[in-house]
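Chains as they are written, first to last, in the working numbering: chain F, 3 to 484; chain P, 185 to 279.
Right, dumping it as structure tokens:
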């Protein structure tokens, strides 16, 4: 059952071969046995999960099952889930019990899916290795001395280690795609505005987007169907017809034009990652696709632009943590300023403080034009590069991350080195485009390699089709570390 | 670009972060490295380029002017660090 697709699991549940209570129990046992080594979950609550499973079994018995009814899903600990501790990987929210559900959680609940637990993550989603979590680093199931990527590292590790049937993640600069690549799973960040941000703890609001992380593109399509949809409580939620992301999975790839940005195959890319991506492209050509050379000339500026815009938005968003209405408050203080300063200093970790300080600096008097405004202008140039590229191709492909999973602690002292591990993913967030990562082989160290697929706005169905056809022809996505 | 200790102190104060001398110095060195990366932006000519603040060209939606939220004071104050008689308690602000 652990290696079944979500479609197969749903069929088994409907055929009464297994109940949701049994399936949920199976995963809870695995979590109890293996989470101490992987640290993929921050919180599990077997009682609440099993209660949901009982309700799902009733839905199944009444013949009211939807595609995800009874399926146990790991929820990134950035989504508020009523009655569940929701920490965002931070000491600031270590005791925060969410008083309401995020839109994503509501949607999964309505679909009869099971919240299996809250997955570990970099603190406030700021990190690329899951090492900034207040609850300790997550281990990569392929090699426990290595990182799972981040910020959705717990989700990626849990999916790879079969500690859930599927998971949710969020992606501000690569936080779904990079851990998916490093753990050998499939993940998609849809077009900005497709999934509601209501109840998703904010990092950089103009970039944050939720999406599914799973073992295949087909599973991701099913999950995306449940996650998307207009929500009036998110001012940037897009008013569009509800889409069926499964509909195009079986289309042939003949004639698909794949753009290869020359900047993504240049200096800085590990030769083993480059070789696996080339292999995958050869497979795509065999499947009838054609490749076109394209250029994204401003993409090299994506990292500097991101490290102005994302911290600027974060410094504003995280000003809400003041120790007054919820969250951590320092035990001792002389006056209100000291209460703010001590609560924030003790409640936030170093990376979060660093980003708040960058953001505060670039927004401060005298620097706004040189940093914030300049970054917003280059953001437009980056988006225009993609618009030009999509005149020549249907999808863009390249590496997700410049290297395979690095060792725990390897980039600990050098934030800039860590930031550069998102060099191929960040531009996609700045433009608001959909992006995904699929496994395409293994590097010299035996660790998974991910290939990135970038689509034009609202082309998720086509990207998932391209990924699914590749997964029908290859078996990298079904390799398992356990 | 290299930041001074005074710059970092000022930023920490604006961001309401208490930091001791060791932390200020560590932050200074790391932030200087990050700003070196950020400085790469200055080489780009962006004259005449409209700043892009958001991924989608959206205008703010309006809703009907009617009450949509119910009173959930007890639920929301249940997670507050310190309350009294339905009020959030903080140290005295005005003498």
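We put the CB at the ideal spot given by N, CA and C, even for glycine.
Subject >> Under the three-state DSSP convention, the category residue 438 of chain F falls into >> reply: strand
Requested in this report: Name, please, each residue of chain P whose Cβ falls closer than 7 Å to the Cβ of residue 325 of chain F.
Outcome: 265
- Task: For my contact list, residue 201 of chain P and residue 125 of chain F are in at a C-beta cut-off of 8 Å; report their separation, rounded to the angstrom.
- Result: Incorrect: roughly 15 Å between the Cβ atoms, too far for contact.
Any beta carbon from chain P within less than 8 Å of residue 488 of chain F's own beta carbon?
For chain F, the structure presents residues 3 to 484; residue 488 of chain F sits outside this window and is missing.
**Study point:** Nearest neighbour of residue 332 of chain F, chosen from P:266, P:271, P:225, P:190 [CA to CA]
**Key:** P:266
Name the chain F residues whose beta carbon is nearer than 8 Å to that of residue 274 of chain P? 326, 338, 341
Q | Under the three-state DSSP convention, the category residue 202 of chain F falls into | A | strand
Using three-state DSSP, classify residue 211 of chain F as helix, strand or coil. strand
(message) Taking its Cβ as the centre, do 16 or more other Cβ atoms sit within 10 Å of residue 446 of chain F, making it buried, or is it exposed?
(response) exposed
Contact belief for residue 378 of chain F with residue 235 of chain P at Cβ below 8 Å, rounded distance in angstroms: 4 Å
Exercise. Compare the C-beta of residue 217 of chain P with all C-beta atoms of chain F and state if any pair is closer than 8 Å.
Key: yes
Inter-residue CB distance, residue 391 of chain F and residue 398 of chain F (contact presumed, cutoff 8 Å): 6 Å
message = One question on the structure: do residue 455 of chain F and residue 469 of chain F come within less than 8 Å of each other, judged by their Cβ atoms?
response = yes
Handout entry: Residue burial classification, residue 415 of chain F (beta-carbon count within 10 angstroms, cutoff 16)
Key = exposed
Item checked: Neighbourhood of residue 138 of chain F by C-beta distance below 7 Å, restricted to the same chain and skipping five residues each side -> 41
Any beta carbon of chain P sitting closer than 8 Å to that of residue 377 of chain F? yes
- Message: I'd like to know whether the C-beta atoms of residue 160 of chain P and residue 46 of chain F end up nearer to each other than 8 Å.
- Response: Any answer about residue 160 of chain P is impossible in this case: the structure gives chain P only from 185 up to 279.
Per-residue DSSP class, three states only, for residue 140 of chain F
coil
Can you look up residue 187 of chain F in the DSSP assignment and give me helix, strand or coil? coil
* In terms of alpha-carbon separation, which member of F:431, F:100, F:163, F:478 lies closest to residue 285 of chain F? -> F:478
Problem set entry | Chain-ordered residues of the stretch 224-240 of chain P with a beta carbon less than 8 Å from chain F | 224, 225, 226, 228, 230, 233, 234, 235, 236, 237, 238, 239, 240
| query | Is the stretch 202-209 of chain F close to the stretch 169-179 of chain F, with three or more CB pairs under 8 Å? | reply | yes
* How do the stretch 202-212 of chain P and the stretch 222-236 of chain P stand: do at least 3 beta-carbon pairs fall below 8 Å, yes or no? -> no
Just verifying my parser: in three-state terms, what is the DSSP assignment at residue 385 of chain F? helix
- Message: DSSP three-state label for residue 168 of chain F, please.
- Response: strand
Cross-chain neighbours of residue 246 of chain P in chain B, by beta carbon under 9 Å: Looking for chain B here will not work: the only protein chains present are F and P.
At a CB distance below 9 Å, what residues from the stretch 196-218 of chain P approach chain F? Give them in sequence order. 196, 197, 198, 199, 200, 201, 202, 203, 207, 210, 211, 214, 215, 217, 218
Classify residue 5 of chain F as buried or exposed, calling it buried when 16 or more other Cβ atoms lie within 10 Å of its own Cβ.
-> exposed
With a threshold of 8 Å between beta-carbons, can residue 126 of chain F be considered close to chain P, or not?
no
Query raised in the report: Any idea what DSSP makes of residue 216 of chain F, helix, strand or coil?
Result: strand
Tell me the residue span of the alpha helix (DSSP H) that contains residue 212 of chain P. 205-222
Check for me: the alpha helix (DSSP H) holding residue 43 of chain F runs from which residue to which? Taken as a continuous stretch (DSSP letters only), residue 43 of chain F belongs to no alpha helix (DSSP H), being part of the beta strand (DSSP E) at 43-45.
* Have a look at the DSSP bridge pairing and note the partners of residue 117 of chain F. => F:75
Looking at the secondary structure, which residues open and close the beta strand (DSSP E) in which residue 293 of chain F lies?
292-296
Going by alpha carbons, who is nearest to residue 16 of chain F out of F:383, F:243, F:59, F:55? F:59
Of the residues F:433, F:107, F:193, F:9, which one's Cα is nearest the Cα of residue 83 of chain F? F:107
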